[in-house]
Amino acid sequence: MTDFVTAAREAAARIAACEAKGIHAFLAWSEDALLAEAKRQAASPSAAAGPLAGEAVAVKDVIADATLPTTCASRILEGWCSPFEATAVRRLRAAGAIVAGKTNCDEFAMGSSTEYSGYGPTRNPVDPTRVPGGSSGGSAAAVAAGAVTMALGSETGGSVRQPAAFCGVVGIKPTYGRVSRYGLVAFGSSLDQIGTLGKNVRSAARLLSAVSGRDDRDATSLDRIPLAEPGEAPSSLRGTVIGVPREYFPAGLHPGIRAACDRALERLRALGAEVRDVSLPHTKYAVPTYYIVAPAEASSNLARYDGVRYGPRADGGLADVRAVYRATRGRGFGAEVRRRILLGTYVLSAGYYDAYYRKAQRVRELIRSDFARVFASGVHALFTPTTPTPAFRFGENLADPLAMYLADVFVCTVNLAWLPALSLPIGRDQGLPVGGQLIGAMERESTIIRIALALEQALDGTAEVR
Amino acid sequence: MSWETVIGLEVHVQLRTATKMFCACSAKFGDAPNTNVCPVCLGLPGALPVPNERAVRLAVRAAYALDCAVHPRSIFARKNYFYPDLPKGYQISQFEEPLATAGALACVSPERGAITVRIKRLHLEEDAGKSFHDRVPGMTAVDFNRSGVPLVEIVSEPDLRSPAEARAYLTTLKQVLKYVDVSDCNMEEGSLRVDANLSIRPAGSAELRSRTEVKNMNSFSGVEHALEAERRRQIAATERGEAIVQATMLFDAASGEVRPMRSKEEAQDYRYFPEPDLPPLVLAAKWLDAERSALPELPGARRARLATQYALPESDAGVLSGTRELADYFERVVALGADGKEAANWVMNDLLGLSPDGEALPLPPERLFEAIALVRDGKVSRQAAKRVLGEMLKARNDSALAVAERLGLVQVSDSGAIEAWVKETLAAHPGEVERYKAGEARLMGFLVGQVMKCSKGRADPKAVNAALAAALK
């Protein structure tokens, strides 16, 4: 018999402890809200019997819930309370989980460090002078700090896997269309997916199973091979072929990252997997392609934030509606969001659409076929580093947006190709977590989860690698 | 210098669905403001569109009715612009790959006779909300009930050559779309809206010159007047040596003039791109074939068939095929037993006269046929039948005969009674009888009239004629 109220109180205590350390993983949470959740769930027999009964799950603030504000870490949605909950949130409640609170992130999920939040950054629990990654930095930090064992995040260009790697936790990005986007505030619609974070592979996978599935409210959520609960960790990976794409292991790769990856590959071989050299030749176009497609769609998705129907509106004594728009959006959006909206507007504009957006979609198709070709050749999963460096310090990449964008170089290919991918801790470099990434073929989450369970069991993800 | 006018029309038509294009909100017109809204049609953060199948079906039907090529695969696209009644900051429409292209509409130009206007494209899109600038002083009020209502946009090629022709096109377009039950096409309610493009060129030239867009017309006659005003303006300006600047002109119905919209800083760039929230709209060939086969007979074909099948003059066939309801009504009356010309006569003269707005047909065809049968059986005169019909509107459950009896209009055909009246009349007018027998045949009319008077109008004139003729031999 699940004791929701106790679970809620314990979660509240853990969150309070995390926040007391100055992590600032959460934007909205309270013990009262947790207890109210617990009471609602306790009254539901199906919740008590659900696969996540009693679990406290943190929810990234770009995902709508009707009980707590949804600000997307932006001032333009300050105080906004959604009248509806996201399908993924409804499903995690249906599975018996309670919403622990809303977590911090980069504003509108645009960023790789959570430094672009409109409400202050989140600190990496492993090293508070460093960023937790982004954009799902709050969710990753909440898991890493032990406030929760599971959290929902979102990905457009690696925003679940990258912070998972920086914080030393597990992050899973599902196949595009596996988790309903209804209630996920749109950033780059052809890339966005809700992803999961967990203290280990099993937690992240269990949460993913609970929230997956076709949703009639999302026309891009398709019938998929349903995602079952994760099984036991296999003791052997004999018969599994792991591809290692050479483009993800450049000559100048950070030595700590390289050492961790070498160790992980050696464990995979020891488990019986065949490790094979492969090539994904269009990898180098991924970051520029991503930074055309995502901002283009974002410039359109964020047009609705004008203060007319909801959110703060700057309208004292302004001449006309266009002045209201300029003032509301100019003040409400942070610099990075404005930068991306301008970039996106530019690449969609008359005279530039063909050279940028249309071209980028064609390159995207080339990137996707690179992967398809490799998976068709008998490879079950790809193994790569998740990030080019461990967590960087606050302010290190703020002066140069491009440097920040390059943090996504190993992860954004996957979003462009709609594939599932997972990051798990594979060691530490001078105390900083290093993540290893497994990329699967379309709809093959269970394959990469199975491999990850085996690898997780076979190595100590917190061991120093150098 | 003789000028030719070149006109193209963009018509937006609301589809007759119960719910909106991308959500389950009611699409009903006239409800209290902001009561038919939800996260999707309000563009709330996190909401997503899901296409309405019935809207697609109606759009396909409209496309086939306009003889378009319907594309089995079409793409939704975002049309991006900022305006308070556009909640997402973009409208979901179709751009590079629309639902249908290359259609045609045959209509009758007042100047040129039968013409064919090519339809460039027909595509699906959602409507925006409605702004009211005069409800709250100094502010604009926005009602989102209309936001998300399904529309088709029908774009003609610039094949129209006069404002009157434009009006004829619109009248025919409305007729066709109402025949296939796709829209109410009511400009006053906003279920049909027109934007017109007009340019002029020297008569005989084939070039297309700079055009203006004319908006804000609320009726078909308004369209005609607006285009007349704009044509006058363009001709005058051109003859003064001025160039026509591409601009948007607003029609002012009160003054009958057009004036330029307050100019914007730059021309609109809608930054169209394929809608990532919606997969391509793919329609199975079998489904499309079924829709095309299910099309009812279109107005042109209906008119032609009524004329030949019932031996009616073209103009009568035109009136009777004006709407599908009326044509169906007419054919039902014939099916009940009326002859074609008889039914046409009754429907056009009696029935239509009873419904002043011409929209709703006031009596079921069976009831009209009752009245026709009464006259045919000699029970009431043709004149009296008009009164009977009028009364039947109020007494809906009474038979035509019962109504006639109550009104005392049932004719007497009884030969005994008629002979008595005839005898009485002949006795009262011996002079006219002599003159008739002497050869003044037209006095028969007078005598019939006198018998009718004698019977207080109740005698069956046919029987009177026969009895008089017999008595005067």
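Read top to bottom, the protein sequences are chains U and H.
The opening residue of the first sequence carries number 6 in this note's numbering; numbering runs sequentially from there.
The opening residue of the second sequence carries number -10 in this note's numbering; numbering runs sequentially from there.
Heads up, the beta-carbon is just placed ideally off N, CA and C, and yes, glycines get one too.
Nearest candidate by alpha-carbon position, reference Lys119 (chain H), set H:Arg229, H:Gly179 and H:Arg395: H:Gly179
Got a sec, what are the start and stop residues for the alpha helix (DSSP H) Pro249 (chain H) sits in? Careful: Pro249 (chain H) lies outside any alpha helix (DSSP H), inside the beta strand (DSSP E) at Glu246 to Pro249.
According to DSSP, is Lys109 (chain H) part of a helix, a strand, or is it coil? Three-state DSSP puts Lys109 (chain H) in a strand.
Count the other CB atoms, across all protein chains shown, that sit within 10 Å of the CB of Trp327 (chain U); report buried if there are 16 or more and exposed otherwise. Per the sequence shown, the amino acid found at residue 327 (chain U) is Arg instead of Trp. Under this definition Arg327 (chain U) is an exposed residue.
Nonlocal neighbours in the same chain, by C-beta distance under 6 Å from Val(-5) (chain H), ignoring five residues either side: Pro147 and Ser188
Buried/exposed call for Gly35 (chain H), threshold 16 Cβ in 10 Å: By the beta-carbon neighbour count (other beta carbons within 10 angstroms, threshold 16), Gly35 (chain H) is buried.
How would you list, in chain order, the residues of chain H whose beta-carbon sits under 7 Å from the beta-carbon of Gly269 (chain U)? In the sequence under discussion, the amino acid at residue 269 (chain U) is Ala, which differs from the Gly named in the question. Chain H residues near Ala269 (chain U): none, gap ~35 Å exceeds 7 Å.
Beta-carbon separation of Thr90 (chain H) and Lys109 (chain H) under 8 Å? yes
Roughly how many angstroms separate the alpha carbons of Ala300 (chain H) and Val336 (chain H), rounded to a whole number? Rounded to whole angstroms, Ala300 (chain H) to Val336 (chain H) spans 16 Å at the Cα level.
Under 8 Å between C-beta atoms, does Phe31 (chain U) make it to chain H? no
With a threshold of 7 Å on Cβ separation, who are the neighbours of Pro498 (chain H) within its own chain once the five nearest residues in sequence on each side are excluded? Only positions -10 to 462 of chain H appear in the structure, and residue 498 (chain H) is not among them; the question remains open.
Apart from the five residues just before and just after Ser281 (chain U), which ones in its own chain have a Cβ nearer than 8 Å to its Cβ? It should be noted that the sequence gives Arg, not Ser, for residue 281 (chain U). Cβ neighbours of Arg281 (chain U) beyond the five flanking positions: Val246, Ile247, Gly248, Val249 and Val384.
Looking at the C-beta of Arg309 (chain U), does it have a partner C-beta in chain H at a distance below 8 Å? yes
CB-CB under 7 Å to Arg251 (chain U), same chain, minus the five flanking residues each way: which ones, in chain order? Asp282 and Ser284
Give me, in chain order, the residues of the same chain whose beta-carbon lies closer than 8 Å to that of Thr294 (chain U); leave out the 5 immediate sequence neighbours on both sides. Ala365, Val368, Arg369, Ile372 and Leu421
Going along the chain, which residues of the stretch 76 to 89 of chain U sit with their C-beta nearer than 9 Å to a C-beta in chain H? For the stretch 76 to 89 of chain U, which is checked against every Cβ of chain H, the residues closer than 9 Å are Cys77, Leu82, Trp85, Ser87, Pro88 and Phe89.
Tell me whether Met128 (chain H) sits in a helix, a strand or coil according to DSSP, three-state version. coil
Are Pro126 (chain U) and Phe388 (chain U) closer than 8 Å when you measure CB to CB? no
To be precise: take each residue of the stretch 314 to 325 of chain U, compare its Cβ to all Cβ atoms of chain H, and keep it if any distance is under 8 Å. Which residues remain? Arg314 and Tyr315
With DSSP as the reference, please indicate the residues paired to Trp(-8) (chain H) in a beta bridge. H:Pro191
Of the choices U:Ser305, U:Ala61 and U:Val64, whose alpha-carbon is the least far from that of Tyr487 (chain H)? Coverage of chain H is limited to positions -10 through 462, which leaves residue 487 (chain H) absent and any answer about it impossible.
List in chain order: all unbroken alpha helix (DSSP H) runs of 4+ residues lying wholly within the stretch 322 to 403 of chain H. Those alpha helix (DSSP H) runs which fall completely within the stretch 322 to 403 of chain H and span 4+ residues are 329 to 334, 354 to 365, 371 to 383 and 389 to 395.
Alpha carbon of Gln80 (chain H) to alpha carbon of Gly163 (chain U), nearest angstrom: Gln80 (chain H) and Gly163 (chain U): Cα-Cα distance of roughly 29 Å.
Could you confirm whether any beta carbon from chain B is found closer than 8 Å to the beta carbon of Glu302 (chain U)? Looking at the structure shown, chain B is missing, and the protein chains on hand are U and H.
I need the DSSP call for Leu290 (chain U), collapsed to helix, strand or coil. It is Tyr, not Leu, that sits at residue 290 (chain U) in the sequence shown. Correct three-state label for Tyr290 (chain U): helix.
Under DSSP, the beta strand (DSSP E) around Pro139 (chain H) begins and ends at which residues? Pro139 to Ser145
Using a threshold of 8 Å, state whether the C-beta atoms of Leu232 (chain U) and Ser79 (chain U) are closer than that. no
Closer than 8 Å, Cβ to Cβ, to anything on chain H: give me those residues from the stretch 205 to 238 of chain U, in chain order. Cβ contacts with chain H: Asp221, Arg222, Asp223, Ala224 and Thr225.
Which ranges does the beta strand (DSSP E) cover as unbroken runs of at least 3 residues, wholly within the stretch 279 to 329 of chain U, from first to last along the chain? 279 to 283
In whole angstroms, what separates the C-alpha of Val138 (chain H) from that of Val203 (chain H)? Roughly 23 Å between the two C-alpha positions.
Is the shortest distance between the beta-carbon of Lys77 (chain H) and the beta-carbons of chain U less than 8 Å? yes
List the residues that DSSP assigns as beta-bridge partners of Asp132 (chain U). U:Asn129
Does Ile20 (chain U) come out as helix, strand or coil in the three-state DSSP assignment? In the structure shown, Ile20 (chain U) sits in a helix (DSSP, three-state: H, G or I).
Could you please give the first and the last residue of the uninterrupted alpha helix (DSSP H) stretch that includes Val440 (chain H)? Leu432 to Cys443
Grab the span of the beta strand (DSSP E) containing Asp493 (chain H) for me, first residue to last. With chain H running from -10 to 462 in the structure shown, residue 493 (chain H) is simply not present.
Are any of the Cβ atoms in chain U nearer than 8 Å to that of Asn69 (chain H)? yes
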